[in-house]
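Plus 1365 on top of the position in the sequence shown (first one is 1) and you've got the numbering used here.
Cβ atoms here follow ideal geometry from the backbone N, Cα and C, with glycine treated the same way.
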Amino acid sequence: MNVPDTAMTAQDSTPDVLEVPEDNTRRKNEETDGKPDIAGNVALEDALLDGHERPDGLLNVSDCSDDWKHVRRVHSDLSGVVNLGDLSDALMNNAHSSQRGVGKTGIWDAKFKLWQSMVGKTNSTSTSHKNVYSLASGSDVSKAVLDLVDAAQNLQKNPANIAIVNNLIDKLKDLLLLERQTYALMRQNSGSRKKIESMFNLIQFLESQVRRLENAVQRQGLSYYLASISSKIRGNEVGRIGRSMETELQSWLDQECVREVADIAIKGSDEEEAVRIITSFEKIVQKGYNPLIQDTILSVGLVEKIVGLLVPGAAPWKVTEAAALALSALLDFNKNIFVSLVLMAKMVENVLQLMDLESDDHVLTLISVMKNMLLVGETIVADEIYAKDGIPKIVELLDHDVQDLQLEAVECIFMLVYYGRVEVVNELFQLDVIKKLALLQQKNAEKRHLPASVMCEMTPAAGASYHLVLTKLQEDIDGTGLHPFADAVSKFILHLSVGTGLRRREKRALKQEFLRQIREVLEDDTEVADITAEVLWAP
1366 MNVPDTAMTA QDSTPDVLEV PEDNTRRKNE ETDGKPDIAG NVALEDALLD
1416 GHERPDGLLN VSDCSDDWKH VRRVHSDLSG VVNLGDLSDA LMNNAHSSQR
1466 GVGKTGIWDA KFKLWQSMVG KTNSTSTSHK NVYSLASGSD VSKAVLDLVD
1516 AAQNLQKNPA NIAIVNNLID KLKDLLLLER QTYALMRQNS GSRKKIESMF
1566 NLIQFLESQV RRLENAVQRQ GLSYYLASIS SKIRGNEVGR IGRSMETELQ
1616 SWLDQECVRE VADIAIKGSD EEEAVRIITS FEKIVQKGYN PLIQDTILSV
1666 GLVEKIVGLL VPGAAPWKVT EAAALALSAL LDFNKNIFVS LVLMAKMVEN
1716 VLQLMDLESD DHVLTLISVM KNMLLVGETI VADEIYAKDG IPKIVELLDH
1766 DVQDLQLEAV ECIFMLVYYG RVEVVNELFQ LDVIKKLALL QQKNAEKRHL
1816 PASVMCEMTP AAGASYHLVL TKLQEDIDGT GLHPFADAVS KFILHLSVGT
1866 GLRRREKRAL KQEFLRQIRE VLEDDTEVAD ITAEVLWAP
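Given below as structure tokens:
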């Protein structure tokens, strides 16, 4: 809406009637009974969003649109600031005079209603902005969207539920307006504006789907649908629309969950609430790759924020554990993107520091996360563990009294041998890992050694995937009733032989070092001979 230049002069003592040209936009709004357009092309709201409000309940109108400048001459002081309480009455008077001049104007009604509601909310929050924020809390919006998900599911069964969907969409529109008011008055971060945009896009999509369904109903006749519940035509049409609405709503909820996790990582939250939201995020990424979720994660910088929760002392253990498991699931979500991001965010360093501080149960969780990082990230994760002096910490767990920790450490060492470069394997040799593995074998009273011929038969081809190696070994262990530590030394050289991190000449040199150490560790000549044969027969 534009105000003519003649609407007011500097010499006027009272505002003139606001003149609005009668155009197609006005007639369109008259047909819709002056309902506000949620797209929000409202001059005053734009002024607020551009930063003209003040925390003391006053509005700086020097930069506002011309629609509202005439009010300042009556209700402004020398500083060009308008008191919102007085402005409400002034707007009421100008509304009547404007409508006398131009008749019923839907555009004016929309602007005036929005401005009046914003004045009311501003006056009520001039002392405390928390009340405004509670009006459009994230839980209210999420609940409204969840109700819409249920309605979309019911819509697939009965198209007569269109009215329920329309009512819920209207409720979501109201929450959208409150979100916009909250953003204008509280000056939240850019994430709030993105949330507003996503809500608006969601409402637009839902309304388009409802129009599709209404057109289909009008085309066939509502009685046709109600009388033919089992109609294949009706079922297909309504089912497609209902499923598309349900999918879009669930996608919005998933993206909102990502934003909530980012907010928790920055601002903090109740421990139980934080664990619940982070766990929900973990379940979302476990569903599989989704480009929208990935874009949202990258846009809010979520990886770095979640890794920040792994810093010792940054959060309670339950929150830290949930964050570590969520990051582990995120690596499986898309390793090509997120492995490098978690490494740059120093996840490996944080996990290794936590292993020095936490209890045995917590270390068990952390070493499991480290194993998954190795399984997904492979050589570059092994390099990072080596660079952060993490290999000695893992080898130390072989001397622990808790068998579960020993098992996790052995598996982690096998992964380091399989994926690691020559520097990683050399450090394992320097830390006497062969001697430690041999001691674990000897402590096993039920140890049963496999002959060299059997080990050669169960050895996968060189370059086989690590999943294949683990599966083959586990099948043979289960079939022979071996203890988990049985033949740990043989499995070590097996992983070295078929690993992907070493060149062929490096493998030959490391095998010679392995044989030298094994002769020093094992006293049984027969066992040494068997292992030597395994090394010679290995690929």
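In this structure, does DSSP put residue i in helix, strand or coil?
i, result
"Leu1901", "helix"
"Pro1757", "helix"
"Asn1531", "helix"
"Pro1656", "helix"
"Glu1723", "coil"
"Asp1786", "Contrary to the premise, residue 1786 reads as Arg rather than Asp in this sequence. Three-state result, Arg1786: coil."
"Asp1890", "helix"
"Val1676", "coil"
"Lys1711", "coil"
"Leu1706", "helix"
"Leu1796", "coil"
"Gly1866", "coil"
"Phe1850", "coil"
At what residues does the alpha helix (DSSP H) containing residue i begin and finish?
i, result
"Asp1697", "Trp1682 to Phe1698"
"Arg1884", "Arg1869 to Val1886"
"Asn1526", "Note, Asn1526: premise wrong, no alpha helix (DSSP H); not H, not E."
"Ala1752", "Thr1744 to Ala1752"
"Val1766", "Correcting the residue identity first, residue 1766 is Asp in this sequence and not Val. Segment: none, Asp1766 is in no alpha helix (DSSP H) and carries neither H nor E."
"Lys1670", "Leu1667 to Val1672"
"Ala1853", "Ala1853 to Val1863"
"Ser1634", "Unbroken run through Ser1634: none, as it is neither H nor E."
In its own chain, which residues sit with a C-beta less than 6 Å from the C-beta of residue i, not counting the 5 before and 5 after it?
i, result
"Gln1651", "Ala1694"
"Lys1876", "Val1900"
"Val1728", "Met1720"
Compute the Euclidean distance between the alpha carbons of residue i and residue j, then round it to the nearest angstrom.
i, j, result
"Asp1721", "Lys1736", "17 Å"
"Val1676", "Glu1621", "25 Å"
"Ile1759", "Ile1732", "8 Å"
"Asp1619", "Glu1773", "33 Å"
"Ile1778", "Gly1742", "15 Å"
"Leu1674", "Asn1526", "44 Å"
"Met1738", "Val1672", "14 Å"
"Asn1448", "Val1510", "Low confidence applies to Asn1448: its pLDDT is 42, below 50, so where it sits in the model is not reliable enough to give any reading."
"Leu1802", "Val1640", "38 Å"
"Phe1794", "Pro1849", "22 Å"
"Asn1532", "Asp1512", "11 Å"
"Val1746", "Lys1538", "47 Å"
"Tyr1654", "Asp1890", "53 Å"
"Ile1629", "Lys1753", "28 Å"
"Val1775", "Gln1807", "15 Å"
"Thr1644", "Ala1687", "6 Å"
"Leu1719", "Glu1611", "41 Å"
"Glu1885", "Val1767", "27 Å"
"Phe1565", "Leu1541", "7 Å"
"His1765", "Met1780", "19 Å"
"Leu1867", "Asn1699", "25 Å"
"Leu1796", "Phe1857", "14 Å"
"Arg1870", "Glu1761", "29 Å"
"Val1863", "Val1782", "10 Å"
"Glu1749", "Val1713", "7 Å"
"Thr1744", "Gln1659", "24 Å"
"Leu1763", "Leu1571", "58 Å"
Taking all protein chains shown into account, do 16 or more other C-beta atoms lie within 10 angstroms of the C-beta of residue i, making it buried, or fewer, making it exposed?
i, result
"Gly1755", "buried"
"Arg1576", "exposed"
"Gln1574", "buried"
"Trp1902", "exposed"
"Glu1387", "Residue confidence is low: Glu1387 scores 43 on pLDDT, short of 50, so the model does not pin down where it sits. Its coordinate-derived value is still stated next. Label assigned to Glu1387: exposed."
"Asp1895", "buried"
"Lys1872", "buried"
"Gln1569", "exposed"
Sorted by chain position, which residues of the same chain lie with C-beta nearer than 8 Å to residue i's C-beta, five sequence neighbours on each side aside?
i, result
"Val1668", "Ile1662, Leu1692, Leu1695, Phe1703, Leu1706, Val1707 and Ala1710"
"Val1665", "Gly1556, Val1623, Arg1624 and Ala1627"
"Ala1404", "Caution applies to Ala1404, whose pLDDT of 40 falls short of 50 and renders its modelled position unreliable; the value that the coordinates give is listed next. The residues are Phe1565."
Here's a check: name, in chain order, each residue in its chain whose Cβ is nearer than 7 Å to the Cβ of residue i, leaving out the five neighbours to either side.
i, result
"Pro1681", "Glu1636"
"Thr1897", "Leu1880"
"Ile1883", "Ile1799, Val1854, Val1893 and Ile1896"
Any heavy atom of the ligand NAP within a distance shorter than 8 Å of the CB on residue i?
i, result
"Asp1535", "What this structure holds is no ligand at all, so the ligand NAP is not there to describe."
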